[in-house]
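*Asks:*
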Ligand SMILES: Nc1ncnc2c1ncn2[C@@H]1O[C@H](COP(=O)(O)OP(=O)(O)OP(=O)(O)O)[C@@H](O)[C@H]1O
Ligand SMILES: [Mg+2]
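Chains as they are written, first to last, in our numbering: chain A, 58 to 408; chain B, 16 to 283.
#1: Let me make sure I understand the geometry here. Which of B/187, B/174, B/201 and B/108 has the alpha-carbon closest to that of residue 43 of chain B?
#2: When every heavy atom of ligand 1 is checked, does at least one fall within less than 6 Å of the C-beta of residue 241 of chain A?
#3: As a quick exercise: from A/139, A/131 and A/106, pick the residue whose alpha carbon is nearest that of residue 117 of chain A.
#4: Does residue 117 of chain B get closer than 7 Å to chain A when you measure Cβ to Cβ?
#5: For the region 91-109 of chain B, which residues have a beta carbon sitting closer than 8 Å to at least one beta carbon of chain A?
#6: With a 10 Å radius around its C-beta and 16 neighbouring C-beta atoms as the bar for buried, classify residue 370 of chain A as buried or exposed.
#7: Could you run through the region 27-40 of chain B and flag, in chain order, every residue whose CB is less than 9 Å away from some CB of chain A?
#8: Taking the beta strand (DSSP E) that residue 159 of chain A falls in, what are its first and last residues?
#9: By Cβ distance below 8 Å, which residues in the same chain neighbour residue 85 of chain A in space, the five residues on each side in sequence not counted?
#10: Helix, strand or coil for residue 143 of chain A? Go by DSSP, reduced to three states.
#11: Tell me, which residues are paired with residue 250 of chain A by DSSP?
#12: Between which two residues does the beta strand (DSSP E) carrying residue 357 of chain A extend?
#13: Of the residues A/119, A/111 and A/158, which one's Cα is nearest the Cα of residue 310 of chain A?
#14: Rank A/129, A/109, A/112 and A/108 by C-alpha distance to the C-alpha of residue 100 of chain A and give the top, closest one.
#15: Counting Cβ pairs closer than 8 Å, one from the region 17-33 of chain B and one from the region 363-378 of chain A, do we hit at least three?
#16: Any idea if residue 389 of chain A is buried or exposed, counting beta-carbon neighbours within 10 angstroms, 16 or more meaning buried?
#17: Would you say the beta carbon of residue 140 of chain A comes nearer than 6 Å to a heavy atom of ligand 2?
#18: Using a C-beta cutoff of 7 Å, does residue 182 of chain A count as contacting chain B?
#19: Residues of chain B with CB under 9 Å from residue 344 of chain A, in chain order?
#20: Take residue 213 of chain A and list the residues in its own chain whose beta-carbon comes closer than 7 Å to its own, dropping the five residues that flank it on each side.
#21: Check the Cβ of residue 189 of chain A against every Cβ in chain B and list those closer than 9 Å, keeping chain order.
#22: Let me confirm a value: residue 68 of chain A is counted as buried when at least 16 other C-beta atoms fall within 10 Å, else exposed. Which label applies?
#23: At a cut-off of 6 Å, is residue 136 of chain A close to ligand 3 when judged by its beta-carbon and the heavy atoms of the ligand?
#24: Alpha carbon to alpha carbon, what distance is there between residue 191 of chain B and residue 123 of chain B?
#25: Assuming residue 88 of chain B and residue 194 of chain B make a contact with CB atoms under 8 Å, what is their CB distance in whole Å?
#26: Measure the beta-carbon distance from residue 289 of chain A to residue 180 of chain A and round it to whole angstroms, keeping in mind my assumption that it falls under 8 Å.
#27: For residue 360 of chain A, name the three-state secondary structure that DSSP assigns.
#28: Pop quiz: residue 320 of chain B and residue 98 of chain B are said to be a contact at Cβ under 8 Å. What is the actual Cβ separation, rounded to whole angstroms?
#29: Give the list of continuous alpha helix (DSSP H) stretches no shorter than 4 residues that lie fully inside the region 270-316 of chain A.
#30: Can you confirm whether the region 141-148 of chain A touches the region 72-91 of chain B when touching is taken to mean that 3 or more C-beta pairs between the two stretches lie within less than 8 Å?
#31: State buried or exposed for residue 347 of chain A, treating a residue as buried only when at least 16 other CB atoms are found within 10 Å of its CB.
#32: Need the endpoints of the alpha helix (DSSP H) that residue 168 of chain B sits in, please.
#33: Taking only beta-carbon positions, decide if residue 243 of chain A is within less than 7 Å of chain B.
#34: Between residue 296 of chain A and residue 240 of chain A, how many whole angstroms is the CB-CB distance? I'm expecting something under 8 Å.
#35: Name the chain A residues that come within less than 8 Å of residue 25 of chain B, Cβ to Cβ?
#36: State the DSSP-derived secondary structure class of residue 20 of chain B, mapped to helix, strand or coil.
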């Protein structure tokens, strides 16, 4: 009898187990569906805890981020921050040590081949087939994306013109660094990607070409393309981005829109002094430390001092300039991304 | 992704364009074998008439060695090509596009194959046409085929070398060294009577090719009853068809190993 009751209990438990399990599965798949629908309408990239180690070096240390469809997202950070490593993982060529990402609704770990048709990539180092002409280089990328001859011809012509690349029948070997850079950008766009990855797009470009590339990127954004770019140029990030993630030592240390980042930093105004000697600098620093409106003082190389302060021109006139007797140059400006970066990391973007 | 499609052809097309512009590669591929042929001819032209086999001159017997040397150069050119693609980022760039490694390998085999055919035709024109090496016409198609199969083995060897070397210069050096070593160890340059010869594809290629195209006069008779002779004219117990099997086995092993190792070393 006891045995029978236990058996009954066991059966009940079994049934319940099965039924609770079933319920859980349905719930989770429902949950997933809900998430995915939301994902496809709002976020085109969701990165979860992505990590990459090279031997003992943790190049990317567990980053998570979300990129909205059609926005321009910048990864801003100094050399060695892990920007390129992040891009290489997201563009499926480097296997993450840990974590995953959903890109265009596919899992980076499980379905990377499904991601490739949707993306365009411009790597940090120019990759061109030097023996081939500009046109042939672009055509090759188009072919790899399975495009037909007519589409390739038409788009190549438009893109090369827009990027102001003359000599499209010449072999790429004869191109200058800047021309190769622009050619790389064209190559990344031939397949009309939904998501474009640009690793330091304006590296090595002269100011005029940089403008051209910026305008071009802005035009691309208008077409609804999602763009992820890396840079250590805060002006570039400022001019182009909808959202910025500041990276350092493989981690995202700040995230937001340009305005959010600036208003959060709450530093007010910035003064950049340069002095003719270190003695002069020390003297000034000691005096500045006594002013209550001065919030932050950072020493830079070449006898430079960057201070942030509140109270605007009034503080500048009445408090600061009265206390400092001699300096070489003085630069007064609004708080910039670079200052925010400096505050967050204690070092400049180009350190 | 292991699918193979038309993209392999576009990769081959790109490789061919690149190779045509690479003058040092073209020198090793085309000019050097012709130079070797002329040197061989000059070296053996003073032959005093002490014939080796069936009234053939030394040049006739050494000619298959030049075929082996020439086709084997693809091990160097493909090692350079693959290590270059690792170094200059083009392999990674291709990896970011929807194209399989299968297409990359097939593309390389096609483009190398185009140059191999060109090499064989040139070598035949020079060797048989101009310099007058002896040949048996009926056996030429199978000789041609053996040369091509050996070429595929060489690409496999090039892939293995490229897997371990990131610089094209290093790959060039190591591939050239191993090609030359194998040429000597296999007795393809100078006859070598040592068991080591059996472990090289070059030996089998040279001997089978030699017997089919130079010595043989009846294909089926030779294939079934003839045995492979060593470079010093001692008959071995290997029938010719087993030599052909050996060549196929070497090609299969080298290309499979090459692809496996390269994939392992470069897919992240
Ligand atoms: N293949 C590799 N092997 C070993 N370490 C690597 C490798 N690639 C990157 N690293 C290391 O990972 C860290 C991040 O490098 P990464 O190239 O991602 O930085 P980055 O932010 O792109 O810098 P930069 O602005 O200089 O391009 C660096 O410390 C770098 O030395
Ligand atoms: Mg980088």
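Ideal Cβ positions, reconstructed from N, Cα and C, are used throughout, including at glycine. It should be emphasised that the depicted structure is a prediction, and the values quoted were computed from it without experimental measurement.
*Replies:* According to the structure data:
#1: Your numbering for residue 43 of chain B matches position 28 in the second chain. Minimum Cα distance to residue 43 of chain B is reached at B/187.
#2: Within the first chain, the letter at position 184 stands for residue 241 of chain A. Flag unset: Cβ of residue 241 of chain A not near ligand 1.
#3: The residue labelled residue 117 of chain A in the question sits at position 60 within the first chain. Measuring from the Cα of residue 117 of chain A, the nearest candidate turns out to be A/139.
#4: Here residue 117 of chain B corresponds to residue number 102 of the second chain, with the count starting at 1. Output row for residue 117 of chain B: interface = no.
#5: 103, 104, 105, 107, 108 and 109
#6: Position 313 of the first chain, counted from the first residue, corresponds to residue 370 of chain A. Flag for residue 370 of chain A reads exposed.
#7: 28, 29, 32, 33, 34, 35, 36 and 37
#8: Taking the first chain and counting its residues from 1, the one referred to as residue 159 of chain A is at position 102. Residue 159 of chain A -> beta strand (DSSP E) spans 155-160.
#9: Residue 85 of chain A sits at position 28 when you count from the first residue of the first chain. Residue confidence is low: residue 85 of chain A scores 31 on pLDDT, short of 50, so the model does not pin down where it sits. No coordinate-derived value is stated.
#10: On the first chain, position 86 is the one that residue 143 of chain A refers to. Correct three-state label for residue 143 of chain A: helix.
#11: Residue 250 of chain A sits at position 193 when you count from the first residue of the first chain. Residue 250 of chain A is not bridged to any residue.
#12: Here residue 357 of chain A refers to the residue found at position 300 of the first chain. Looking at the DSSP string, the run of the beta strand (DSSP E) that includes residue 357 of chain A is 351-357.
#13: Walking along the first chain from the start, residue 310 of chain A turns up at place 253. Here the closest residue by C-alpha is A/119.
#14: Taking the first chain and counting its residues from 1, one reaches residue 100 of chain A at position 43. Comparing Cα positions, the closest option is A/129.
#15: no
#16: Looking up residue 389 of chain A in the first chain gives position 332. By the neighbour-count rule (16 or more Cβ atoms within 10 Å), residue 389 of chain A is not buried but exposed.
#17: In the first chain, counting from the first residue as 1, residue 140 of chain A sits at position 83. Yes - ligand 2 has a heavy atom lying nearer than 6 Å to the Cβ of residue 140 of chain A.
#18: Within the first chain, the letter at position 125 stands for residue 182 of chain A. With 7 Å as the cut-off, residue 182 of chain A counts as an interface residue toward chain B.
#19: For the purposes of this step, residue 344 of chain A is identified with residue 287 of the first chain, where counting begins at 1. Per Cβ cutoff of 9 Å: no residues; residue 344 of chain A is ~53 Å from chain B at best.
#20: Here residue 213 of chain A refers to the residue found at position 156 when the first chain is read from its first residue. For residue 213 of chain A, where only same-chain residues beyond five positions count, the Cβ hits under 7 Å are 192, 195, 196 and 247.
#21: On the first chain, residue 189 of chain A is found 132 positions in, with the first residue counted as 1. Near residue 189 of chain A (Cβ distances below 9 Å), the residues of chain B are 29, 32, 33 and 36.
#22: As a first step, residue 68 of chain A is located in the first chain; it is residue number 11 there, counting from the start. Bear in mind that the predicted position of residue 68 of chain A carries a pLDDT of just 45, short of 50, making it too unreliable to give a figure here.
#23: What this structure holds is ligand 1 and ligand 2, not ligand 3.
#24: The residue you call residue 123 of chain B lines up with position 108 of the second chain. The residue you call residue 191 of chain B lines up with position 176 of the second chain. Those two C-alpha atoms are separated by around 19 Å.
#25: Looking up residue 88 of chain B in the second chain gives position 73. Looking up residue 194 of chain B in the second chain gives position 179. Confirmed, Cβ separation roughly 7 Å.
#26: Locating residue 289 of chain A in the first chain gives position 232, where the first residue counts as 1. Locating residue 180 of chain A in the first chain gives position 123, where the first residue counts as 1. In fact, because the Cβ distance is near 16 Å, the residues do not count as touching under 8 Å.
#27: Numbered from its first residue, the first chain carries residue 360 of chain A at position 303. If DSSP states are grouped into helix, strand and coil, residue 360 of chain A belongs with coil.
#28: What is shown of chain B runs 16 to 283, which leaves residue 320 of chain B out entirely.
#29: 291-297
#30: no
#31: Counted from its first residue, the first chain places residue 347 of chain A at position 290. Label assigned to residue 347 of chain A: exposed.
#32: For the purposes of this step, residue 168 of chain B is taken as the residue at position 153 of the second chain. That run of the alpha helix (DSSP H) goes 155-179.
#33: Along the first chain, one-based indexing puts residue 243 of chain A at 186. No, because no Cβ of chain B sits closer than 7 Å to the Cβ of residue 243 of chain A.
#34: The sequence position of residue 296 of chain A within the first chain is 239, counting from 1. The sequence position of residue 240 of chain A within the first chain is 183, counting from 1. That belief does not hold up - the Cβ atoms of residue 296 of chain A and residue 240 of chain A are roughly 23 Å apart, past 8 Å.
#35: What you label residue 25 of chain B is simply residue 10 of the second chain in a count that begins at 1. In chain order: 197, 200 and 201.
#36: For the purposes of this step, residue 20 of chain B is identified with residue 5 of the second chain, where counting begins at 1. Coil.
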